[in-house]
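Colleague: Residue numbers (my numbering), protein chains in the order written: chain A, 521 to 824; chain B, 521 to 824; chain C, 28 to 282; chain D, 28 to 282.
Glycine included, every Cβ here is placed at the ideal spot set by N, Cα and C.
None of the values given here were measured: they were computed from a predicted structure.
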Ligand SMILES: Cc1cc2nc3c(=O)[nH]c(=O)nc-3n(C[C@H](O)[C@H](O)[C@H](O)COP(=O)(O)OP(=O)(O)OC[C@H]3O[C@@H](n4cnc5c(N)ncnc54)[C@H](O)[C@@H]3O)c2cc1C
Ligand SMILES: Cc1cc2nc3c(=O)[nH]c(=O)nc-3n(C[C@H](O)[C@H](O)[C@H](O)COP(=O)(O)OP(=O)(O)OC[C@H]3O[C@@H](n4cnc5c(N)ncnc54)[C@H](O)[C@@H]3O)c2cc1C
Ligand SMILES: Cc1cc2nc3c(=O)[nH]c(=O)nc-3n(C[C@H](O)[C@H](O)[C@H](O)COP(=O)(O)O)c2cc1C
Ligand SMILES: Cc1cc2nc3c(=O)[nH]c(=O)nc-3n(C[C@H](O)[C@H](O)[C@H](O)COP(=O)(O)O)c2cc1C
Ligand code: FES
Ligand code: FES
């Protein structure tokens, strides 16, 4: 038997395969395809204090081995979440984590306080890296000062596990990881989408209504992997790797580079069962290679 | 007849399809496949004062719709260039431009002075964005202060056309474009490669000897396009678009987003004739759409 | 009606006129119940430009033979690849997806309007209506005679009327110009086709208070309600075309 | 010898044992002159993981019939796709690329050593040597009997000796363990195969002052000297395997 578990502080995850915010709905979209409770955890879609309609259509464009999206945090707000979603989603026997978003530090704080009172939500993922909103989002995550301020403020009110999701659209992601570690984050997750763009040459117009959007999918994996490796070598809190993970091999690259866990994003659109397949694939790899604990391979490329 | 010409200041290019540094050798590698003189210009491979052996093998890895390289500016130095290459390469009836690199500002300046004396080289591309060298390269291009200093210093000694090649590995590329414009650059070219990484899960080792490398190819096109659009809207000097251009449609996206010219990079590895095919494709598009001048479509997405 | 993901064997790839073709698929085990208006998300292997699935309407279902089919138009890389698939190869699908057309609440006079590859779901819908004792007419619009899709199958449903934009076959003009719309009195119209056509039909119907459902073809990232990319702005806010649609009553759309 | 880029028709895709297969190609017009040791860069369409070309040695050339062939082992996505190509389909190639094996400068006793898919260029080389009045022996090494590639064609060249690592066929051990290397006195050895094998052979040859050329299989970005990714460290500095190689005299390598 292989040990697949990992911890963020005293919060235990039965395995290190999670699903990425905004790509897994509230889990129930996948009930027909997998047993969601088999996952190590699910990160729910980006939630805000007030309901949001998001950006205008068109909101996506396909690119070579990638997709651009400009959803812009469409969600029904925290009230609706508490009233309608909370009971349903916490029935899954796994760690259910909310991805929180705001336009101001006060928004983030108010939301963190509300979520802090939800007994069955053991952690939040602080999203300071959404490229698709005019206010907040990536503006926080690409500025060291506001990254510090928002992390500090949320940390002050939120006592459970705080994961901060970093933006890749920066010169040196290590600086940001160090800042959030200093301010008491329990883990970092990276990467969010790269800011990208596509043009429709037939109509001579941008492909997205918002012109720019967030690039995800296999195209970004090399960048994601590089950043995970850099950050894992710089901080002592767990690093959750995200970006272009489509299969077991991709996931393993992240563990070998230093990730303690991974999130599957866009891949779930292509194959709604892929997260579970990856989980099984990792176990098989460990067995084949003769390891009995996933933690033995985390960051192993640095030791060879 | 369609006018395909464009200018950088008073330097005329007969058409806007150039080839990217490091992907087109000294042109002669392509003589069997195309008439190199048909191109608007060629940017020769990265050249340094002293000969360099570059990085150890392995130096490349394939990724989804992309490739990582860590060549590290292998070249025989400017002496060899002057003695052996210069006469050969300037026989092409097109703009032959050298991509210059250094570890210190003095290196850059010395090289620019040398190249300035080469009569048939009408421009240099100042590479401050190479991710594959320990000293210099990207370190210059990701720091606003040193970007300014190196541009200023080279500008002071180099009187012909100065193109500065920007790094995409920054939070806000517009800042860098503005700085080099202020310091007198005649054009900017972007993007150089994104810093990326791959891991070989069989051997549990990084795929590249240098661990990280530069990501090029279709995977990076959305990021390149976004940056070109941002920069074209912020500076008044010509913008040369680079990144993942594999075919006519890709090239057109860059023109529509604001590029005055483009460089074909990795695509030449896959199809050594692609630069000429793209040139022909652009002309055909203009005819079909009823334009008589390439300049009419530059940045057109902003006007619709 | 649970969604499934499976690879189904292609039992026929029948080329039609121009860029159209029909893929017939055989169930593994028993095919699930499907409803007219529902769609499948097809995986296109083997092209870097088609990393996401492609949504395609269910064209026809034969529960007896345990088969169903898709009518597809080649418009880009994905559909191009699909057009080259051969009998015996497999197609990976997520299906059945989306809501469906609903039976008329009142009135017996029904018209189906389709344009281009938007005619695809109307065969399944027409047969369904017939089995529920409606006798719909069918109005199909194409750019020109050259681009008319073989529609013999649609005659099983009812009378078929035709328009082409250049008048090279049927009546000249758009579907909304057809004389049948001036004389006949339909109480229910179902429509699928390019957005300008849907909008023209919607205007026609609103003016006359005709109950009208349209099937939208928004760009989709996932097809299962997970990405929120396929939204359409409705009186109820942004809804997902993939789970709240693709069929919408025009009363709900903010057109 | 100008390089070309063209799409050639596949006249046969012959599966061999295990993961090996031979693609035979017909020239468009006259095939160019090719030399043993040279290779082609094959474009693999239809997979995002195989965006760059794949280098493959020229296995055999028949100028009379205007055809040539490649012997390929499936090791990943690209070669997997190639293995599925059918007679009548086209393969896009850049060729002929690289330098070539050179004829012995002195001595008549020649041995060709190949391992795994490294045996591919040796058939062409062997025939070339024969036509130049050499009678080379051939020594082939495989992991085990199961993984032996059909080598009947190699008997046209000369005597064929065999090793398997587990002794399941031929002599047991690596090629360098074969008894022939203990008794026979070769003046020239040509070798192609996995790097550890090349290195073992190189050591054997240096010790005995045998003239030895090896063909390297470095990872390539372009195959035409444009990317500088395929370098090998030599006494002359970093050289490109694609244009300065793939064949190197072991005297020049820093092994
Ligand atoms: C619910 C639904 C049902 C559909 N049913 C059918 C059907 O039965 N038969 C059929 O042929 N097609 C149908 N479509 C459309 C089909 O999904 C697209 O034509 C297909 O995805 C195009 O893929 P491609 O790779 O060939 O084109 P791409 O290379 O992706 O695109 C080619 C061009 O078509 C445009 N395009 C692609 N998809 C759409 C779209 N959905 N709306 C508008 N423009 C688009 C692109 O912007 C581009 O300009 C349906 C779409 C939806 C959402
Ligand atoms: C000059 C030259 C001649 C060659 N001739 C032949 C030949 O005649 N027949 C033949 O079958 N193969 C030959 N090869 C090797 C062949 O190019 C590779 O096997 C092929 O590119 C693998 O492609 P893939 O997409 O199937 O594998 P990928 O999916 O790209 O890789 C699969 C695995 O193989 C490894 N790999 C891929 N290429 C190489 C390589 N060149 N060296 C070491 N490891 C590698 C990868 O790192 C990975 O672990 C030659 C290579 C060179 C450079
Ligand atoms: C359609 C879509 C919506 C997303 N929404 C969110 C979000 O609400 N919050 C967030 O932190 N990240 C969001 N992301 C980013 C993903 O969680 C993930 O970081 C990114 O897609 C990279 O991973 P991938 O390449 O595996 O998809 C979204 C991504 C996509 C594609
Ligand atoms: C193998 C290789 C070598 C390169 N060498 C250089 C170089 O010497 N100088 C430079 O400015 N850019 C160099 N580049 C970057 C390219 O010029 C180009 O900016 C980048 O590859 C993005 O374009 P592409 O996606 O079209 O390849 C190199 C790229 C590759 C792939
Ligand atoms: S396509 Fe993803 S939510 Fe509709
Ligand atoms: S493979 Fe590009 S230089 Fe050799």
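Do we get a CB-CB distance below 8 Å when we pair residue 256 (chain C) with the residues of chain A?
Modeller: The count along the third chain starts at 1 and reaches residue 256 (chain C) at position 229. For residue 256 (chain C), the answer is yes, since a Cβ of chain A falls inside 8 Å of its Cβ.
Colleague: Exposed or buried, which one is residue 655 (chain B) when buried takes at least 16 other CB atoms within 10 Å?
Modeller: Mapped onto the second chain, residue 655 (chain B) falls at position 135. Residue 655 (chain B) comes out exposed.
Colleague: Between which two residues does the beta strand (DSSP E) containing residue 783 (chain B) stretch?
Modeller: As a working mapping, residue 783 (chain B) is identified with position 263 in the second chain. That run of the beta strand (DSSP E) goes 781-784.
Colleague: In the DSSP assignment, what residue or residues form a beta bridge with residue 787 (chain A)?
Modeller: Here residue 787 (chain A) is taken as the residue at index 267 of the first chain, counted from 1. Answer by DSSP bridge pairing: none, since residue 787 (chain A) is not bridged.
Colleague: Residues in the same chain with beta-carbon distance under 7 Å from residue 783 (chain A), minus the five sequence neighbours each way, listed in chain order, please.
Modeller: Indexing the first chain from 1 puts residue 783 (chain A) at position 263. The residues are 538, 539, 540, 563, 709, 760, 762.
Colleague: Here's the rule: buried if 16 or more other CB atoms are within 10 angstroms of the residue's CB, otherwise exposed. What is residue 79 (chain C)?
Modeller: The residue given as residue 79 (chain C) occupies position 52 in the third chain. Buried.
Colleague: Return the first residue and the last residue of the alpha helix (DSSP H) that residue 232 (chain D) is part of.
Modeller: Looking up residue 232 (chain D) in the fourth chain gives position 205. Element bounds for residue 232 (chain D): 222-235.
Colleague: Quick check on the burial criterion: 16 or more other C-beta atoms within 10 angstroms. Buried or exposed for residue 777 (chain B)?
Modeller: Along the second chain, one-based indexing puts residue 777 (chain B) at 257. So residue 777 (chain B) ends up on the buried side.
Colleague: Using a C-beta to C-beta distance shorter than 8 Å, which residues of chain B count as neighbours of residue 738 (chain A)?
Modeller: Counting from one through the first chain, the residue named residue 738 (chain A) turns up at place 218. Under the 8 Å cutoff, chain B gives 583, 584, 585, 739.
Colleague: Ligand 5 heavy atoms versus the CB of residue 239 (chain C): any closer than 7 Å?
Modeller: Mapped onto the third chain, residue 239 (chain C) falls at position 212. Residue 239 (chain C): no, Cβ never under 7 Å from ligand 5.
Colleague: What are the residues of the segment 237-254 of chain D that lie near chain B, defined by any Cβ-Cβ distance shorter than 9 Å?
Modeller: Under the 9 Å Cβ criterion, the segment 237-254 of chain D contributes 245, 246, 247, 248, 249, 250, 251, 252, 253, 254.
Colleague: Taking 7 Å as the cut-off, is the beta-carbon of residue 629 (chain A) closer than that to any non-hydrogen atom of ligand 4?
Modeller: Residue mapping note: residue 629 (chain A) aligns to position 109 of the first chain, counting from 1. No; taking the cut-off as 7 Å, the Cβ of residue 629 (chain A) has no heavy atom of ligand 4 nearer than that.
Colleague: Between which two residues does the beta strand (DSSP E) containing residue 87 (chain C) stretch?
Modeller: Reading the third chain from its first residue, position 60 is the one you call residue 87 (chain C). Looking at the DSSP string, the run of the beta strand (DSSP E) that includes residue 87 (chain C) is 87-89.
Colleague: Can you give, in chain order, each stretch of the beta strand (DSSP E) that sits fully within the segment 42-120 of chain C and has at least 3 residues?
Modeller: Listed in chain order, the complete beta strand (DSSP E) runs (minimum 3 residues) inside the segment 42-120 of chain C are 47-53, 66-69, 81-84, 87-89, 94-100.
Colleague: Using a Cβ cut-off of 8 Å (strictly closer), state whether residue 609 (chain A) contacts chain C.
Modeller: Translated into positions along the first chain, residue 609 (chain A) becomes position 89. No, no contact with chain C.
Colleague: Considering only C-alpha positions, which residue in the set B:682, B:585, B:608 is nearest to residue 629 (chain B)?
Modeller: Taking the second chain and counting its residues from 1, one reaches residue 629 (chain B) at position 109. Nearest of B:682, B:585, B:608 to residue 629 (chain B), Cα basis: B:682.
Colleague: Determine whether the Cβ of residue 51 (chain C) lies closer than 8 Å to any Cβ atom of chain A.
Modeller: Within the third chain, the letter at position 24 stands for residue 51 (chain C). Taking Cβ atoms only, chain A never reaches closer than 8 Å to residue 51 (chain C), which makes this a no.
Colleague: Count the other CB atoms, across all protein chains shown, that sit within 10 Å of the CB of residue 675 (chain A); report buried if there are 16 or more and exposed otherwise.
Modeller: Within the first chain, the letter at position 155 stands for residue 675 (chain A). Buried.
Colleague: Consider the C-beta atom of residue 587 (chain B) and the heavy atoms of ligand 6; say whether any pair is separated by less than 7 Å.
Modeller: Working through the second chain from its first residue, we reach residue 587 (chain B) at position 67. No, since every heavy atom of ligand 6 falls outside the 7 Å radius drawn around the Cβ of residue 587 (chain B).
Colleague: Identify the contact partners of residue 745 (chain A) in chain B, using a Cβ-Cβ distance below 8 Å as the criterion.
Modeller: Translated into the one-based positions of the first chain, residue 745 (chain A) becomes position 225. Within chain B, the residues near residue 745 (chain A) are 716, 717, 718, 719.
Colleague: With distance defined between alpha-carbon atoms, name the residue in A:640, A:793, A:661 nearest to residue 623 (chain A).
Modeller: On the first chain, residue 623 (chain A) is found 103 positions in, with the first residue counted as 1. The shortest C-alpha separation from residue 623 (chain A) is found at A:661.
Colleague: Report the neighbours of residue 55 (chain C) on chain A: residues whose CB is nearer than 7 Å to its CB, in chain order.
Modeller: Here residue 55 (chain C) corresponds to residue number 28 of the third chain, with the count starting at 1. Chain A residues near residue 55 (chain C): none, gap ~16 Å exceeds 7 Å.
Colleague: Could you tell me the distance, in whole angstroms, from the CA atom of residue 801 (chain A) to the CA atom of residue 103 (chain D)?
Modeller: The residue you call residue 801 (chain A) lines up with position 281 of the first chain. The residue you call residue 103 (chain D) lines up with position 76 of the fourth chain. Going by the C-alpha atoms only, they are around 18 Å apart.
Colleague: Is there contact between the segment 723-735 of chain B and the segment 588-597 of chain B, where contact requires at least three CB pairs shorter than 8 Å?
Modeller: Flag = yes, the segment 723-735 of chain B and the segment 588-597 of chain B touch.
Colleague: For residue 265 (chain C), return the contacting residues in chain A, with the cut-off set at a CB-CB distance below 7 Å.
Modeller: Your numbering for residue 265 (chain C) matches position 238 in the third chain. Per Cβ cutoff of 7 Å: 573, 574, 594.
Colleague: Taking CB distances under 8 Å as the criterion, tell me whether residue 101 (chain C) reaches chain A.
Modeller: The sequence position of residue 101 (chain C) within the third chain is 74, counting from 1. By this cut-off, residue 101 (chain C) is not an interface position.
Colleague: Is residue 122 (chain C) helix, strand or coil by DSSP?
Modeller: Working through the third chain from its first residue, we reach residue 122 (chain C) at position 95. Reduced to three states, the DSSP call for residue 122 (chain C) is strand.
Colleague: Counting only Cβ-Cβ distances shorter than 8 Å, please list the residues of the segment 540-553 of chain A near chain F, keeping chain order.
Modeller: Annotation note: the requested chain F is absent from the structure, which comprises protein chains A, B, C and D.
Colleague: What is the DSSP secondary structure of residue 157 (chain C), reduced to helix, strand or coil?
Modeller: Here residue 157 (chain C) refers to the residue found at position 130 of the third chain. Helix.
Colleague: Rounded to whole angstroms, what is the Cα-Cα separation between residue 125 (chain C) and residue 55 (chain C)?
Modeller: On the third chain, residue 125 (chain C) is found 98 positions in, with the first residue counted as 1. On the third chain, residue 55 (chain C) is found 28 positions in, with the first residue counted as 1. Taking the straight line from one Cα to the other gives about 21 Å.
Colleague: Helix, strand or coil: how does DSSP classify residue 617 (chain B) here?
Modeller: Numbered from 1 along the second chain, position 97 holds the residue referred to as residue 617 (chain B). Reduced to three states, the DSSP call for residue 617 (chain B) is strand.
Colleague: Any heavy atom of ligand 4 within a distance shorter than 7 Å of the CB on residue 765 (chain B)?
Modeller: Here the question's residue 765 (chain B) lines up with position 245 in the second chain. Yes, the beta carbon of residue 765 (chain B) sits closer than 7 Å to at least one heavy atom of ligand 4.
Colleague: Along the beta strand (DSSP E) that carries residue 661 (chain A), what are the first and last residues, could you check?
Modeller: Along the first chain, one-based indexing puts residue 661 (chain A) at 141. Per DSSP, residue 661 (chain A) belongs to no beta strand (DSSP E); it is in the alpha helix (DSSP H), 658-661.
Colleague: Would a check of beta-carbon distances place residue 274 (chain C) closer than 8 Å to chain A?
Modeller: Here residue 274 (chain C) refers to the residue found at position 247 when the third chain is read from its first residue. With 8 Å as the cut-off, residue 274 (chain C) does not count as an interface residue toward chain A.
Colleague: Going along the chain, which residues of its own chain have a beta-carbon closer than 7 Å to the beta-carbon of residue 690 (chain A), five neighbours each way excluded?
Modeller: Here residue 690 (chain A) corresponds to residue number 170 of the first chain, with the count starting at 1. Same-chain partners within the cutoff: 662, 696.
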